[in-house]
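Here the sequence shown is numbered in this note's numbering, starting from 1 and rising by one per residue. Structure record follows, encoded as structure tokens.
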Amino acid sequence: MVFSEVPIELKNISEDDIDKELMRVAIMAEFDAINMYEQMANLTENEDLKTILLDIAKEEKVHAAMFQTVLMEVDHEYLKVMASYSLAKD
Ligand SMILES: [Fe+2]
1 MVFSEVPIEL KNISEDDIDK ELMRVAIMAE FDAINMYEQM ANLTENEDLK
51 TILLDIAKEE KVHAAMFQTV LMEVDHEYLK VMASYSLAKD
């Protein structure tokens, strides 16, 4: 799954939810990119290429965190779930 277009039906989304849906799609795209770069790193025997791919995978994790952060700012239910689940794991 590599996104080349936004996989949401805009006509089915209320105006208030568009940004939240875009953030969730962006998070999915970043997670997909992480998987792709890690899989590519596992496939190559070239250590320089492996290092670059794993470095980019790490950057994609930062991107995912950025989108999750802005999503939690507008989706307070998600923020509460993330906070309570994180605390429950300690
Ligand atoms: Fe990214």
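Glycine residues also receive a C-beta, built at the ideal position from the N, C-alpha and C atoms.
- Contact annotation, residue 67 with residue 23: C-beta distance approximately 5 Å; criterion of less than 8 Å satisfied.
- Counting only the Cα atoms, residue 9 lies some 30 Å from residue 39.
- The C-alpha of residue 52 is placed about 22 Å away from the C-alpha of residue 26.
- Distances from the CB of residue 30 to the heavy atoms of ligand 1 include at least one below 7 Å.
- The closest heavy atom of ligand 1 lies less than 7 Å from the beta carbon of residue 60.
- Assignment of residue 17 by DSSP, reduced to helix, strand and coil, places it in the helix class.
- Residue 18 and residue 46 have their C-alpha atoms roughly 42 Å apart.
- Sequence-distant Cβ neighbours of residue 31 in its own chain, meaning closer than 7 Å and more than five residues away, are 64.
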